[in-house]
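In this note's numbering, each residue carries its 1-based index in the sequence shown increased by 23.
This report concerns only the one structure given below.
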Amino acid sequence: MRSFNRNTFKKARLCSGLLVLGLGVVSFMAPSYAQSGYELDNRMKRLENEIETLSRAVYRGEQPPAGSLPSSGLNAADIEVRLQQIEREMRELRGMLEKQAHDVRKVRSDMERITSDLELRMNELEKKGRSNSSSAYNQATKEPRYTAPNASANTAPEPRETQSGGDEYSWSSSNRPKDSLGTITRDESGATVTDKDEATSLYENAFALIRNRQYGGAEAEFKRFLDTYPKHALAGNAKYWLGETFYVRGKFDEAAKVFAEGYREYPKGSKAADNLLKLGMALAGLGKTSDACIALQQLDKNEFSGNASVKSRARQEAKRLGC
């Protein structure tokens, strides 16, 4: 247990360090972008003033102010050429400003996503730190296993998922209620299912890939699981984690579609609240703030009263978006 606490503390410090580092990168880059933007703005203003001065000289016949033009006289043709040069420079400057604004938006979006994932991981580490059971730690750090019922023990471990930053996963050691051999169970949609070694092996393999951050492979495996076992008891969970494989890679369009399907197909499933939360966050990543707010506000319904941590996170996201 002491070793567990030390490891948890180290992980918490690592996450905190990453969070501070990420915020430091943004704060370091902000002055650079601000300074660059200030310089570009000054250049734009200078060119605009020069255009105005030259225009008065050409079209109104006014004498340019002293020092506004080179000492050598310029005729109308020379001034026209200079105007064209200035206009070309201004177009280039506008392009640079637009690119800079795009880069700033991208950095901000990436940092918000990283900060969001780090916050979830730190919350999970805090929960583990408050646990007094060393068996919970041992079970959480090993790969999920499924064991078939036998004659001497009519119970089988049941996996319980705990969201941790969208790409972490831990398993509980709680057991299902005792059933006799051959008992038929029902999945989240109410369809009857039986234990299938092939199905659980495929799910475990897909989840092992997502734990190892091999998101492309995990995407393919979860799709194969859903195509092969659409009525399996773990289909709702597989749908959610499929959405996560897109979300963590910044593919918000695909992620939003999968999370929406997951909520629609499994409205009473264990991942219903998580699907709504990540649907809102994916829509926010697409810039669809109003739609994101609608999704996040759905979590205020009484049917999600048992998902306190998810609802708390939804309120944080809604506040950040100004819902």
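Virtual Cβ for every residue (Gly too), placed ideally from N, Cα, C.
Which ranges does the alpha helix (DSSP H) cover as unbroken runs of at least 4 residues, wholly within the segment 271–314, from first to last along the chain?
275–288, 295–308
Within the continuous alpha helix (DSSP H) that includes L232, where are the two ends?
220–234
Whose CA, out of L300, Q237, L232, lies closest to the CA of R336?
L300
Does the segment 226–244 come into contact with the segment 263–283, if we say contact requires no fewer than three beta-carbon pairs (one atom in each stretch) closer than 8 Å?
yes
To the nearest angstrom, how far is it from the Cα of L41 to the Cα of I137?
Interpretation of L41 is limited by its pLDDT of 48, a score under 50 that renders its predicted location unreliable; the figure taken from the coordinates is listed afterwards. Distance between the alpha carbons of L41 and I137: 9 Å.
If we call anything under 8 Å between Cβ atoms a contact, is E340 one with G285?
no
I need the DSSP call for Q237, collapsed to helix, strand or coil.
coil
With distances taken between CB atoms, is the gap from A307 to A315 smaller than 8 Å?
yes
Mind checking which residues open and close the alpha helix (DSSP H) that includes K1?
Residue 1 cannot be examined here, being either before or after the span of the chain that is shown, 24 to 346.
Within this structure, are the beta carbons of F327 and A305 separated by less than 8 Å?
no
Helix, strand or coil: how does DSSP classify Y263 here?
helix
Taking only the alpha-carbon atoms, compute the straight-line gap between A123 and K280 and give it to the nearest angstrom.
Note on identity: in this sequence residue 123 is Gln, with Ala being the wrong assignment. Roughly 30 Å separates the two Cα atoms.
Grab me the residues of N173's own chain with a C-beta within less than 7 Å of its C-beta, minus the 5 sequence neighbours each way, in chain order.
Any reading at N173 is ruled out, since the residue's pLDDT is 38, under 50, leaving its predicted position unreliable.
Based on Cα-Cα distance, which residue from D133, E71, V130 lies nearest to Q394?
Since the first residue of the chain shown is 24 and the last is 346, residue 394 is not available in this structure.
Per DSSP, what kind of secondary structure is K254 in: helix, strand or coil?
coil
On the three-state DSSP scale, how would you describe K122?
helix
Helix, strand or coil for K324 per DSSP?
coil
Proximity to F248 [Cα-Cα], best of W264, G273, A222, K324:
A222
Count the other CB atoms, across all protein chains shown, that sit within 10 Å of the CB of L309; report buried if there are 16 or more and exposed otherwise.
exposed
Taking Cβ positions, are K294 and N260 nearer each other than 8 Å?
yes
Would you tell me roughly how many angstroms separate the C-alpha atoms of A231 and L265, rounded to the nearest one?
13 Å
Buried/exposed call for V333, threshold 16 Cβ in 10 Å:
buried
Pop quiz: N298 and Y252 are said to be a contact at Cβ under 8 Å. What is the actual Cβ separation, rounded to whole angstroms?
Their Cβ separation, rounded to whole angstroms, is 19 Å, which puts N298 and Y252 out of contact at 8 Å.
With 16 other CB atoms within 10 Å as the buried threshold, where does R25 fall?
Residue confidence is low: R25 scores 45 on pLDDT, short of 50, so the model does not pin down where it sits. Its coordinate-derived value is still stated next. Per the 10 Å Cβ criterion, exposed.
Local Cβ density within 10 Å of G349, reported as buried at 16 or more and exposed below that
This structure cannot speak to residue 349, because the chain is shown only from 24 to 346.
Please report the straight-line C-alpha distance between R128 and E62, rounded to a whole angstrom.
19 Å
Cβ-based burial, G292 [other Cβ within 10 Å; buried from 16]:
buried
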